[in-house]
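Below you'll find the structure, written out as structure tokens, and then a few comments.
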DNA sequence: TTAGGGTTAG
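Numbering (the UniProt record's numbering), first residue to last: 1 to 761.
Below, the structure is given as structure tokens:
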């Protein structure tokens with residue numbers, strides 16, 4: 001039996017009275033039924049289809065309702081035209097769906113036409129009138145709604161409640177209250193739900209007084225003992241910031257419930273009263289309040305913020321005892337709690353107990369892997385859930401962008417980017433900013449720029465991300481230009497923006513500009529400099545060889561200098577070979593972190609260069625006593641998806657003269673391998689888990705010029721692009737790039753290598 | 001009616 005597919009994708013037998021889709025409505029007595037979906041049964045009406053008047057157009061009205069339910073406004077209009085031609089009336093019941101459709105689509109003019117048509121037909125009733133009222137409210141035409149409310153002969157409490165509720169949903173609380181007062185004047189007796197609707201919309205401290213007035217009104221009319229009203233009042237006081245009122249309301253409840261208690265716990269956590277939240281939870285348990293699926297999120301959040309592993313574990317045990325840990329609403333907050341407490345193995349186990357993990361659960365797990373530095377595992381999990389058709393969300397993608405960023409995995413990053421676009425899951429601003437950083441850390445500052453340009457209205461974070469991207473690539477002038485542009489666009493910089501700017505200055509030797517930024521932060525931009533900003537300034541001076549100035553900043557700090565302050569200074573001491581100041585810095589570093597192996601290595605080398613062999617030997621002895629070793633350097637390059645890893649025998653180059661070392665640096669081997677194994681026109685991207693030295697920086701630059709290849713070297717602290725097009729001649733090498741551009745220090749400012757990890761063998 | 005995730009640096 002042949003069949004025809006109609007435009008709804010529904011198969012109808014060709015024995016049905018089918019007219020092919022897009023067929024122009026003919027002059028036949030019968031209407032186009034081709035679009036009737038399968039769920040509108042034709043069986044019962046089939047025999048009567050050709051009967052006179054068709055039970056007053058029953059089938060046509062059913063079809064009309066079907067189209068309206070599907071929101072097919074144009075088809076509805078066409079179908080009504082054809083019904084009119086056949087003089088088939090629209091049933092009052094159909095109007096209900098027509099008004100619902102107009103409300104859902106916000107089609108005010110169509111709604112008004114249907115309203116007018118109904119008035120002409122004089123077929124209205126109270127129920128339909130309330131539908132019309134709802135339609136005007138859904139279309140946010142409150143003027144039309146109130147005019148109609150005034151005109152209604154048979155308006156009832158429901159009519160008033162419709163408009164009052166619509167006003168509250170739109171946040172027009174004053175209007176809602178005005179209408180309530182009008183209603184009372186008309187002698188309409190309110191019910192509890194109308195008060196409940198009103199109270200739930202009081203969500204701001206400015207509404208507290210009004211809330212109190214309504215509360216007293218409720219007590220007066222005797223609704224205050226109602227369970228749902230009591231809960232609404234407590235939550236209203238929480239939202240209005242009056243926790244004392246909420247506590248009194250909750251404590252006075254005839255029977256406490258989880259909704260009121262959870263609301264109050266949210267209030268406590270917002271007011272940083274996390275201990276009170278835990279106490280309330282404990283009271284809920286002891287008083288036998290029935291728990292629901294919302295409670296655990298908030299109580300475990302309080303534990304996480306307090307870092308209270310003990311209480312969190314007790315709650316976990318409670319859940320296990322009551323068989324709740326497999327519930328997604330319990331298991332997911334547990335995963336999140338353990339991740340925030342850096343207990344990643346516990347987090348993984350909690351995840352595995354969840355019977356049906358949802359996107360929140362996966363998101364918490366992936367975040368855990370990212371936070372523990374296991375980016376490869378995060379990517380693995382992501383790839384698994386993609387193939388399993390797990391529901392994904394923008395937060396998961398944002399996390400994965402970070403994982404790709406940390407792993408410098410451009411191939412995965414670009415694929416995930418395309419995937420997120422296809423699924424519409426790039427989180428507005430946050431996901432977009434994460435993508436800027438991802439491309440930047442993968443060595444693609446141009447892609448980062450493109451990602452930035454696609455943002456419709458960049459916020460401070462997005463601007464900061466692109467500024468930091470340029471700073472990271474040693475492009476200080478572009479970073480500073482972007483900062484000016486950011487100001488022109490009216491976006492205010494934040495504390496991190498200045499970190500990015502100061503980093504840009506330190507990588508390019510812009511001492512004067514760096515000082516200006518630090519000095520103007522507070523006065524001009526209202527951002528208070530923190531220890532991190534001063535540390536950046538120490539780095540600016542140190543990299544520029546101005547060690548006395550750097551030391552002066554440390555000595556005049558409004559804070560206690562931290563490890564970073566001294567390590568930045570020590571980095572500069574190594575570049576300038578200044579043993580005297582290095583000794584001051586090292587003393588302080590050893591005081592704050594006696595296990596920092598890089599400092600021992602620098603001090604050994606500085607003593608050795610100065611011919612102070614006894615002191616050098618002493619440093620070596622200290623290292624041996626503390627069982628410390630220099631971090632093994634490793635470089636790698638990915639060719640055809642395969643990781644090629646290069647490690648220079650550490651025993652050979654450890655503590656050796658620099659001249660000899662230069663032949664042994666692992667990134668040079670990786671670059672050489674890239675030159676041999678990749679097509680001439682492709683860029684070469686090399687990774688290193690520690691910092692590259694200035695010699696390797698120069699080496700890469702020269703290789704780039706000689707071979708005409710673009711080279712990107714990403715080390716533990718930064719990324720450097722070497723593009724032959726940037727250098728016109730060898731002679732320009734020393735002017736194009738400031739001597740203290742990225743990778744000019746062996747140790748840099750001492751940031752730990754948290755981003756790059758050597759691939760497993 | 002009550003909740004939980006994320007972004008920008010070294």
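Glycine included, C-beta positions come from ideal geometry on N, C-alpha and C.
Rounded to whole angstroms, the separation of the alpha carbons of residue 614 and residue 436 is 50 Å. Annotation: residue 480 to residue 467 spans about 8 Å, alpha carbon to alpha carbon. Spatial neighbours of residue 532 in its own chain (CB-CB distance under 7 Å, excluding positions within 5 residues in sequence) are listed in chain order as 499.
Closest in alpha carbon position to residue 399, among 380, 434, 410, 713, is 434. Where residue 646 is concerned, the enclosing beta strand (DSSP E) starts and stops at 642-646. Judged by DSSP secondary structure, residue 675 falls within the alpha helix (DSSP H) whose first and last residues are 666-677. Each of 182, 165, 189 was checked against the Cα of residue 196, and the nearest Cα belongs to 165. Going by C-alpha positions, residue 360 is about 47 Å away from residue 90. Taking the Cα positions, residue 687 is about 33 Å away from residue 389. For residue 188 against residue 157, the beta-carbon gap comes to about 6 Å, under 8 Å, which counts as contact. In the DSSP annotation of this structure, residue 711 is not part of any alpha helix (DSSP H); the continuous beta strand (DSSP E) holding it starts and ends at 711-714. Ranking 558, 589, 560 by CA distance to the CA of residue 571 puts 589 first. Residue nearest to residue 463 within the set 483, 101, 580 is 483 (criterion: CA-CA distance). In this structure, the CA atom of residue 504 is about 28 Å from the CA atom of residue 605. When the five nearest sequence neighbours on each side are left out, the beta carbons in the same chain lying within less than 6 Å of the beta carbon of residue 319 are those of 325, 330, in order along the chain. Taking the Cα positions, residue 695 is about 53 Å away from residue 354. Taken in chain order, the unbroken stretches of alpha helix (DSSP H) that lie wholly in the segment 299-346 and span 4 residues or more are 309-321, 328-340. Contact between residue 671 and residue 609 fails: their C-beta atoms lie close to 28 Å from each other, not under 8 Å. Between residue 93 and residue 132, the CB-CB gap reaches or exceeds 9 Å. DSSP places residue 638 in the uninterrupted beta strand (DSSP E) bounded by 635-639. 105 is the residue among 121, 118, 105, 125 whose C-alpha sits nearest the C-alpha of residue 137. The Cβ atoms of residue 397 and residue 381 do not sit closer than 9 Å to each other. When secondary structure is reduced to three states using DSSP, residue 253 falls in the coil class, being assigned neither helix nor strand. Excluding the 5 residues flanking it on each side, residue 114 has same chain C-beta neighbours closer than 6 Å at 98, in chain order. Put simply, the backbone Cα of residue 442 is about 6 Å away from that of residue 405.
Judged by beta-carbon spacing, residue 514 lies within the 9 Å limit of residue 506, meaning their Cβ atoms are closer than that value. The shortest C-alpha to C-alpha distance from residue 334 to any of 323, 322, 321, 304 is the one to 304. Of the other Cβ atoms in all chains shown, fewer than 16 fall within 10 Å of the Cβ of residue 595; this residue is therefore exposed.
Take residue 139, set aside five residues on each side of it, and the residues of its chain with a beta-carbon closer than 8 Å to its own are 102, 103, 106, 107, 108, 111, in chain order. Distance from the Cα of residue 227 is smallest, within the candidate group 249, 245, 527, 244, for 249. For residue 686, the beta-bridge partners assigned by DSSP are 637, 713.
Secondary structure note for residue 200: its alpha helix (DSSP H) is the uninterrupted segment 192-200. Apart from sequence neighbours up to five positions away, the residues of its chain that approach residue 192 with a beta-carbon distance below 6 Å are 223, 226, 229, ordered along the chain. Per DSSP, the unbroken alpha helix (DSSP H) holding residue 538 starts and ends at 531-543. Scanning 391, 160, 546, 409 for the CA closest to the CA of residue 425 turns up 391.
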